[in-house]
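*Asks:*
2 protein chains.
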Amino acid sequence: MENTAENVRAQMRKGVLEYCILSILNKREAYASAIIEELKSVGMIVVEGTLYPLLIRQKNQGLLSYRWEESTQGPPRKYYVLSDKGREQLAQMDAAWQELVDGIQTLKQA
Amino acid sequence: MENTAENVRAQMRKGVLEYCILSILNKREAYASAIIEELKSVGMIVVEGTLYPLLIRQKNQGLLSYRWEESTQGPPRKYYVLSDKGREQLAQMDAAWQELVDGIQTLKQA
DNA sequence: TATAATACCTTGTATCACAAAGTACCTAAA
DNA sequence: TTTAGGTACTTTGTGATACAAGGTATTATA
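Set out below in structure tokens:
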């Protein structure tokens with residue numbers, strides 16, 4: 070599982086979702102349902118069965134950690150937090166995303 | 070195999086490549102190797118084994134047609150041409166792409 | 001003590017893209 | 001004329017992403 074700039078760009082084609090998760094958690098810690106709500110609010114439909122495995126994957130890669138927190142309205146929540154490694158990954162993905170956007174814009178001109 | 074605006078956006082998450090192919094063929098007809106070269110020129114590495122099945126898929130969906138053309142430098146080439154249906158699909162994908170770009174920008178603010 | 005709501009998790013499936021290998025055509029050199 | 005090399009198109013097997021659907025567990029309320 071490499072992590073070159075080229076690999077990041079390859080990952081970008083699939084897995085825009087992974088980029089979105091890191092971007093959300095870069096602003097504030099959050100639990101799964103809140104993440105889904107925020108994604109929906111910008112037009113990205115995501116379901117639980119997609120998000121949970123993704124969060125677990127990112128946690129196993131050391132990009133995230135989590136802590137349990139009691140809720141006043143139901144069962145405890147798993148709040149995810151971006152790690153230093155996650156912030157590095159996010160920086161790489163920011164660059165890759167910008168390159169993709171620029172690349173497509175270039176394609177459409179000419 | 071539906072084709073709602075929502076479905077287009079879902080497709081966008083994977084399959085940015087499909088969007089790129091239609092965008093290239095919207096400018097001019099082209100054969101596979103030329104398409105690969107143009108994609109490489111904007112930083113998107115694509116290999117034959119990815120592109121050929123994709124072109125066949127799009128042709129089977131009626132988005133493209135092709136014609137054979139003799140080459141002075143080797144075997145004949147399959148030149149792909151965007152169909153009316155392909156142009157419609159491209160217009161939908163243009164909108165979906167813009168929404169995705171806007172959505173991510175919104176995510177990163179706030 | 002049921003019931004509903006919230007939250008987390010798992011399994012099976014379809015699709016995308018890649019790696020690797022194969023087929024076919026054309027040209028030029030031996 | 002046969003061989004080698006380049007160009008172009010195709011197929012097969014694999015890994016990863018996301019979805020659909022269903023399941024488990026906790027909490028509050030009727």
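Chains as they are written, first to last, in our numbering: chain A, 70 to 179; chain B, 70 to 179.
Where is the CB? At the ideal position from N, CA and C, for every residue including glycine.
Looking at the strands, I want to know which residues DSSP matches up with A:R136.
*Replies:* Taking the first residue of the first sequence as position 1, residue 136 of chain A is located at position 67. Residue pairing by DSSP places A:R136 opposite A:Y148 in a beta bridge.
*Asks:* Taking only beta-carbon positions, decide if B:M162 is within less than 8 Å of chain A.
*Replies:* Taking the second sequence and counting its residues from 1, the one referred to as residue 162 of chain B is at position 93. Judged by the 8 Å Cβ criterion, B:M162 is not in contact with chain A.
*Asks:* What residue from B:G155, B:P145 and B:Q161 has the CA that sits closest to B:R126's CA?
*Replies:* Position 57 of the second sequence, counted from the start, is the residue given in the question as residue 126 of chain B. The shortest C-alpha separation from B:R126 is found at B:G155.
*Asks:* Can you list the residues of chain B that A:S92 reaches, using a CB-CB cut of under 9 Å?
*Replies:* Residue numbering aside, residue 92 of chain A sits at position 23 when the first sequence is read from its first letter. Ordered by position in chain B, the residues that pass the 9 Å Cβ test against A:S92 are I173, L176 and K177.
*Asks:* With 16 other CB atoms within 10 Å as the buried threshold, where does B:I114 fall?
*Replies:* On the second sequence, position 45 is the one that residue 114 of chain B refers to. Residue environment: B:I114 is assigned as exposed (fewer than 16 neighbouring CB atoms within 10 Å of its CB, all protein chains considered).
*Asks:* How would you call A:S92, buried or exposed, if buried means at least 16 neighbouring beta carbons within 10 angstroms?
*Replies:* If you number the first sequence from 1, residue 92 of chain A lands on position 23. It counts as buried.
*Asks:* Residues of chain A with CB closer than 9 Å to the CB of B:K83, please, in chain order.
*Replies:* Here residue 83 of chain B refers to the residue found at position 14 when the second sequence is read from its first residue. Chain-ordered, the chain A residues with CB closer than 9 Å to the CB of B:K83 read R82, K83, G84 and V85.
*Asks:* Using a Cβ-Cβ distance cut-off of 8 Å, determine whether B:E168 contacts chain A.
*Replies:* In the second sequence, the residue the question calls residue 168 of chain B occupies position 99. Cβ-Cβ to chain A under 8 Å: yes for B:E168.
*Asks:* Counting along the chain, where does the alpha helix (DSSP H) carrying B:Y88 start and finish?
*Replies:* Working through the second sequence from its first residue, we reach residue 88 of chain B at position 19. Start and end: V85 to K96.
*Asks:* Name, please, each residue of chain B whose Cβ falls closer than 9 Å to the Cβ of A:I114.
*Replies:* Against the first sequence, residue 114 of chain A aligns to sequence position 45. Neighbours of A:I114 on chain B, chain order: E75, R78 and A79.
*Asks:* For the putative contact between B:L86 and B:I104, defined by C-beta atoms under 8 Å, what is the C-beta separation to the nearest angstrom?
*Replies:* For the purposes of this step, residue 86 of chain B is taken as the residue at position 17 of the second sequence. For the purposes of this step, residue 104 of chain B is taken as the residue at position 35 of the second sequence. Contact flag wrong, Cβ pair sits at about 10 Å.
*Asks:* Counting only Cβ pairs nearer than 7 Å, list the residues of chain A close to B:V111.
*Replies:* Here residue 111 of chain B is taken as the residue at index 42 of the second sequence, counted from 1. G172, T175 and L176, listed in chain order.
*Asks:* Suppose the cutoff is 7 Å on Cβ atoms and the five residues either side in sequence are ignored; what does the same chain contact list for B:E138 look like?
*Replies:* Against the second sequence, residue 138 of chain B aligns to sequence position 69. Correct list, in chain order: P145, R146 and Y148.
*Asks:* So, do the segment 160 to 177 of chain B and the segment 75 to 82 of chain B have three or more beta carbon pairs nearer to each other than 8 Å?
*Replies:* yes
*Asks:* Exposed or buried, which one is A:A179 when buried takes at least 16 other CB atoms within 10 Å?
*Replies:* Reading the first sequence from its first residue, position 110 is the one you call residue 179 of chain A. Exposed, because fewer than 16 other Cβ atoms sit within 10 Å of the Cβ of A:A179.
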